[in-house]
Structures are given as C-alpha cells and as structure tokens.
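Protein chains in written order, with UniProt numbering: chain P, 1 to 245; chain D, 1 to 245.
Each remark here refers to the structure printed beneath this line.
There are 2 protein chains.
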Amino acid sequence: MKVINDLEKAEDLNMQLNYYDKEDQVLLAVDCIIFGFDKENLKILLIKRNFEPEKGRWSLIGGFLKKNENLDQAAVRVLNALTGLTDIYMEQLYTHSKIDRDPGQRTISVSYYALIDVESHKFDGIQIDSARWFELNEAPNLIFDHNEMIQRAIARLRRRALTNPIGFELLPEKFTMRQLQNLYESILDKKLDKRNFINKINSLDVLIKLDEKDMTVSRKGAYLYVFDKDKYQKKVEEDGFIFKI
Amino acid sequence: MKVINDLEKAEDLNMQLNYYDKEDQVLLAVDCIIFGFDKENLKILLIKRNFEPEKGRWSLIGGFLKKNENLDQAAVRVLNALTGLTDIYMEQLYTHSKIDRDPGQRTISVSYYALIDVESHKFDGIQIDSARWFELNEAPNLIFDHNEMIQRAIARLRRRALTNPIGFELLPEKFTMRQLQNLYESILDKKLDKRNFINKINSLDVLIKLDEKDMTVSRKGAYLYVFDKDKYQKKVEEDGFIFKI
DNA sequence: TCAAAAGTGTTCGCACTACACCCATGG
DNA sequence: CCATGGGTGTAGTGCGAACACTTTTGA
C-alpha cells in the first residue's frame, strides 16, 4: 500500500515535472493573404519564392512564429519584413494542419488576411522585385495549401464586409461612391444597383460628404467621402448599431 | 566571380538543408468547448483537472497535437479520450498564442467547439467523475485563457446557428417545436415569439412532422419533428438555398 | 372542471427591389 | 454641342414583428 502510494507520488511528480516533455513539438508558420484594392478591382499580393523549398513558385508571404512573440505579432512582422507595410488591418483566419501540407517538414500554418489600399502603399519592402498583385481569378497555382487559404479568406472577407465596415481599409481615406460600390461589387462578385447602393449607404449615416470632388475620372467630377469612425463607434456603443450592407 | 557563385550555391544548399532548423518549435495544444443542450438550457462541459499544472481547477478538456495527426483528428481524439464520445459535430475556432497563456511552457492552443445532445450521450469516458455540465452563465473561472475561448465560441455559435442548421446537433433526433425554440432562445439569449418562430421554421420546409407526440411535458402532448438532412442538402445544391432563422 | 401547455392567422410597417431620366463638364 | 459618367426618387412587394384566443387532456 505504502509502496503504491509512493509510486503514485513519484509518478505524479514525474508527470508534473515532465508534463510537457513527452509531447511532440512542431513548427508554427504564419501565412498572409493580402487583399488590395486599386479603385477598380480586388487583388491579392503574391511573391515568387527565391528560396527553398519550392523556389521559383508563387506563394503567399509567410514566416515562422518565434518564441518571443504571439501570432498577431508574427503576422505583422512577416508582412512588414516582406513589404515594408505597417499599420495594416489584419485578422486571424484559420489554422491548417494537414500532415503533409509542407513536404519539407511537419509544419502547421496559421493564416491571416490583411486589407490595404494599393495606391497609397508603395512598397519599400525587401522583396518587391519578386512580389506582384494578381486579380483574384488570375492568381497562379500556389504552393502547399495556399490556394485553399485564399478561398477561405475570400469567403471570410465576403461575410465580414457585409456586417463590418472593414471595406474602408481597402480604400484611400477619401473615396467616391462609385469606388465604394466597385469595391463591394468586387468583394461580392456581383453587380449592385447604383441608386439602391447609395440609398443604403446613406441610410447607415456613417460617411461624411466632402466639398471636394474627384475630377480624374469624369467631366462632372464625383464627390469625395470619408468614413466617420467616431460616429460609427458612437452608434455601436449607444444603440448596439450594426453595420449592414 | 566564380567564387561568389560557388559561395552562393553553397549558401543556397545550406539554406535548403537547414531551412527549418533554425526556427523555434512549439507545443501545439487543442482545447474543446463542448456545448450541450438538455431540452431546456444550453450548457458547457468542464473538467476538474486531476493533473498538473493547475490541478484542482476547472478547465476545458484538451490535449496536445501528435506528429501523426492533424488538428481535427487531435480534437476528435481528445474529446473521445475524456468523454468516450464519437461522431460529434466539431469545428475549429481560433488559435490562441499569448506568450504566457500557459505558464508551464510556451504553448499555442487551437480551440474547437463541439455540439451534443446531453441526454442521448451518457458518458463512458475515463474522467466522468471529474466532469460536469455548467449553465453558460454559471461556469466557474477557468485556467489559462479558457474563459476567452468560451466567449469566442458562444459568439461563433450564435452567428452559425442563424445561418446553418447546426442547432439540430444539439437536439435528439426527434424533438418538439418548443424544444427547438428553447434551443434558439438559449443560443441567442432572448425570447422569441412562438407563432413567428413556428411560421419561420415551417417556411424553411426542412422538418418532417411525425405522427408521434411527446407526452412527457404537457397533457395535450406535442408533435415530434425530425430534421430532414437529405431535403436540406438537395435544397442547398439545387437552389443555393440558405438556412436562415 | 380546471390547470397547463399546444396550436393556430392576420394586420401593419419597413426595408428591399426594380427602374429611367436629367445634370454638369471638358473636349 | 455632345459624350461621359454623376446624381437623384418612387411605387410595389415581400418579410418580419406584434399580437390573443381556442384546444386538449390528465389530475
């Protein structure tokens, strides 16, 4: 009896000390799906790998989680290292863990998506020469399970854009109604009625119409708008207002 | 020139061989938020830990990813090991990576949520004696970031239940309209109008009304229904039908 | 006969949809 | 003066919300 108790104690202690020791460790990667909008079309940023494995093929930008950071920080670091971008909207998406997803070594990858306005972000990044924007439906075949990651990101973006004002992350600060509509048409991949769209947006009452016009596209010029973040926040806090297009 | 090329080649080779070697490895855990419904209320299953660290405190059930499985498989294995449950609806939720979330060792945890009908699953699991169902708002304070995981799971369940027929995972095969309504009221945490609810459900046209009645609750008895999965699937495939309550 | 839950329809208002013409301007 | 994109309003319809009484039957 005593012996058994001691044995149990010893095992308990052993368990406590080595609780984690017998478990398998893995490499944890972060891959970023970077959506960009250039006032016309929704695109994604891809890089041609100049390193192994799969050197020369197109892929999402990615990197590995380090001991001294969390995943959000890793995603920001990876994005910044390869594009020079900072202060970008990013959101965790999904964790991919198929056993052979990376043939080089067992790697689990957490995907993030980022939203940026293409034109107001000219890259100072290291790897610019090997990075390129692709139309959503013209993207090349990618390494590993990166195609699947993109599909998942598109689905998420589609849902999110309908109930959260994240669309504005993809536009310059000042934008025209037409640009906003183009954006939503790109995201949802369908045509919207101009009048209905404007009515709906206006009824949300979170845009400020400026006196300024964008004269670059038409003769008449189109009024510029800005998204009123404060007003939006107040509405959410006060009425439980939900942004819904 | 030649020298540089050779050097580059050597570095390339080195990079290829050791590409993953210099990266930090981490422990990857899986934690399960198990929702159950007992015809009245929505609950979650928690266990009192009989092992270190945090022995004696309540937590989600969890375990570590092994080399020979993916995360979905790990979640199923962990759920089964601790409850004996099989064939349960599970879905990946979010990956938690705060640096000190587990003080014992740097651990990243992927949360999953599971949906089960409490009464038709009597546990044969190993750790039954230390497991208990809690009402959502009576759950004790949990270890690590498990409270946050639950909050995220509730939010997801709420959204999902409105557009996917996952609610039925929480009910027995045969159920009454009142039970279905109770379920949705629990998930959404608000009262619904009886007539409107029934009209809405009937308009979806995915339930089969049986001739059988549940006589256990009222004198009059209430008709039993079953969810018609095939009909639902056909609708989705044919019309792009979306389940929406 | 009464208590307790089940079952059943209608009205109203709002939000979504469809739809076409004039405006302002630069070339 | 004309070509180009910008801007505007309304009528009809369908859906969600509010709402109360009758039925059944076991105790």
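Built from N, CA and C at the ideal position, the CB exists for glycine as well.
Here the structure is a predicted model, which means the values were calculated and not measured.
Check	Outcome
Is residue 239 of chain P helix, strand or coil by DSSP?	helix
So, under 8 Å CB-CB, residue 27 of chain D and residue 20 of chain P are touching, yes? Tell me the CB distance rounded to an integer number of Å.	6 Å
Secondary structure at residue 169 of chain D, three-state DSSP: helix, strand or coil?	helix
My assumption, with CB atoms under 8 Å, is that residue 63 of chain D sits in contact with residue 78 of chain D. Please give the rounded CB distance.	4 Å
Give me the chain P residues within the contact set of residue 66 of chain D, using Cβ-Cβ distance strictly less than 9 Å, ordered along the chain.	23 and 24
Inspect the beta-carbon positions of residue 54 of chain D and residue 115 of chain D and report whether they are closer than 9 Å.	no
Which of the three DSSP states is assigned to residue 146 of chain P in this structure?	helix
Does residue 97 of chain D come within less than 9 Å of chain P when only Cβ atoms are used?	yes
Under 9 Å between the Cβ atoms of residue 46 of chain P and residue 142 of chain P?	yes
How about residue 114 of chain P: is its Cβ closer than 8 Å to a heavy atom in the ligand FMN?	Here there are no bound small molecules, and the ligand FMN is not part of this structure.
Answer yes or no: does any C-beta atom of chain D fall closer than 9 Å to that of residue 105 of chain P?	yes
Can you tell me whether residue 78 of chain D is helix, strand or coil according to DSSP?	helix
Along chain D, in chain order, which residues have C-beta atoms closer than 8 Å to that of residue 71 of chain P?	95, 97 and 108
Counting only runs that start and end within the region 48 to 100 of chain P, where is the alpha helix (DSSP H) found for 4 or more residues in a row?	71 to 83
Counting only C-beta atoms, is residue 92 of chain D closer than 9 Å to chain P at any point?	yes
Taking buried to mean at least 16 other C-beta atoms within 10 Å of its own C-beta, is residue 51 of chain D buried or exposed?	exposed
By DSSP, does residue 106 of chain D sit in helix, in strand, or in coil?	coil
So, is the C-beta of residue 89 of chain D closer than 9 Å to a C-beta in chain P?	no
In whole angstroms, give me the CA-to-CA distance for residue 85 of chain D and residue 151 of chain P.	32 Å
Using CA atoms only, rank isn't needed, just tell me which of D:240, D:196, D:210 and D:158 is closest to residue 186 of chain D.	D:158
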